[in-house]
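First to last, the sequence lines map onto chains C and U. All the letters of the first sequence, read from the start, carry residue numbers 1 to 126 under this note's numbering. All the letters of the second sequence, read from the start, carry residue numbers 127 to 284 under this note's numbering. Note that CB positions come from ideal geometry on N, CA and C, so glycine has one too.
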Amino acid sequence: MTHVYTWSGILVVVFFSVVGDILIARAMKQVGDVHALWERSGLWTVVGRVLSNSNFFFGLTAMAVGFFSLLFSLSWGDVSLVAPAAASLTFIGNAFAAKIFLHEKVDRRRWIAAALVAGGVALLAG
Amino acid sequence: MTFRKYLVLAGVTVFAAAGDSMLSHGMKQTGAISIHHLQGIILALRNPFVALGILLLLAFFASYMNALSWADLTYVLPATSLGYVLLALVAKFALHEQVSLVRWLGIVLISGGVGFVAGGPALTSHGHEQSSTGAEALETVGASRGPEGPLFHERAGS
Chain C
1 MTHVYTWSGI
11 LVVVFFSVVG
21 DILIARAMKQ
31 VGDVHALWER
41 SGLWTVVGRV
51 LSNSNFFFGL
61 TAMAVGFFSL
71 LFSLSWGDVS
81 LVAPAAASLT
91 FIGNAFAAKI
101 FLHEKVDRRR
111 WIAAALVAGG
121 VALLAG
Chain U
127 MTFRKYLVLA
137 GVTVFAAAGD
147 SMLSHGMKQT
157 GAISIHHLQG
167 IILALRNPFV
177 ALGILLLLAF
187 FASYMNALSW
197 ADLTYVLPAT
207 SLGYVLLALV
217 AKFALHEQVS
227 LVRWLGIVLI
237 SGGVGFVAGG
247 PALTSHGHEQ
257 SSTGAEALET
267 VGASRGPEGP
277 LFHERAGS
């Protein structure tokens, strides 16, 4: 039963992490290169630009849900299973989501990487 | 890729692994949290390891957001791959958890897979996601026009 709880928790973490990652990535692309912006306009401009971005807040909310789901999962399972499995599945979900929603060029190199990661997750679950 | 950008990616890796480890150690001390007693989460925040874990994850988040401002999401995420190796070492030697050979192989496969991505370009998405309000939009259009624009140089260098 603990196993079911652990994997259910991992899937919930993955879903909200992917949603959060996509929204945060979109927000930061809209903000622009933080270092260049900081040098050009100062720290407060960077902070203001980030905090005034709605995608940032929606992404942060999704990540917060994912974070508390992770707290649950870590209290039920080993860190060497929960953390890598959730992060790896999030990576695969993000590869699909980034291609669809962020229009990133997910080429053969990145798909192969996703397949290797999936294999690693299968071994972790075994 | 500049040295500063490698440092940011290193921060993403180390802070994520250290934060997860601290959280795990703290949550093991506080015990399992029941769905029927959600206040247990709030109590868990009073554990110093959980609190330190959260601080480290905030540092991770700052590095992560910085990296996402100049690189693809599918490029930044692999930076956490070395974190899996760190996590396994911490789980084995600090938390005294059993890490079997199969799990070690899984961790190696994951690290190899995500490390594979690191050899490609950092940014492949189009610049149309840049700020689109007023003067910022004009600035973005101007920057995207040709090789003299900062956006072009940034992509060419990454």
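At a C-beta separation below 9 Å, S147 (chain U) has these neighbours in chain C: V79, A83. A residue is called buried when at least 16 other Cβ atoms come within 10 angstroms of its Cβ; L89 (chain C) meets this threshold and is buried. Contact annotation, F186 (chain U) with A142 (chain U): C-beta distance approximately 5 Å; criterion of less than 8 Å satisfied. Any Cβ of chain U closer than 8 Å to the Cβ of I100 (chain C) would place that residue at the interface, and such an atom is absent. Not a single unbroken stretch of the beta strand (DSSP E) spanning 3 or more residues falls wholly within the stretch 80-108 of chain C. Between I24 (chain C) and M153 (chain U), the CB-CB gap reaches or exceeds 8 Å.
Against chain U, the beta carbon of L74 (chain C) has neighbours under 7 Å at L149, S150, M153, listed in chain order. Ranked by Cα distance from L231 (chain U), the options C:K105, C:A97, C:G120 are led by C:G120. By the Cβ test, the stretch 89-99 of chain C is in contact with the stretch 108-116 of chain C, since at least three Cβ pairs between them sit closer than 8 Å.
Those residues of the stretch 18-30 of chain C placed with their C-beta closer than 9 Å to a C-beta in chain U are D21, I22, I24, A25, R26, A27, M28, K29, Q30, ordered along the chain. Residue contact check for S88 (chain C) against chain U: a CB pair falls below 8 Å. In the same chain as E104 (chain C), and ignoring 5 residues on each side of it, the C-beta atoms closer than 7 Å to its own belong to A98, in chain order.
The residue from C:V18, C:L123, C:I22, C:S69 with its alpha-carbon nearest to that of I10 (chain C) is C:S69. F15 (chain C) is outside the set of residues whose beta carbon lies under 8 Å from a beta carbon in chain U. A contact is defined here as three or more CB-CB pairs under 8 Å, and the stretch 77-88 of chain C fails this definition with respect to the stretch 32-51 of chain C.
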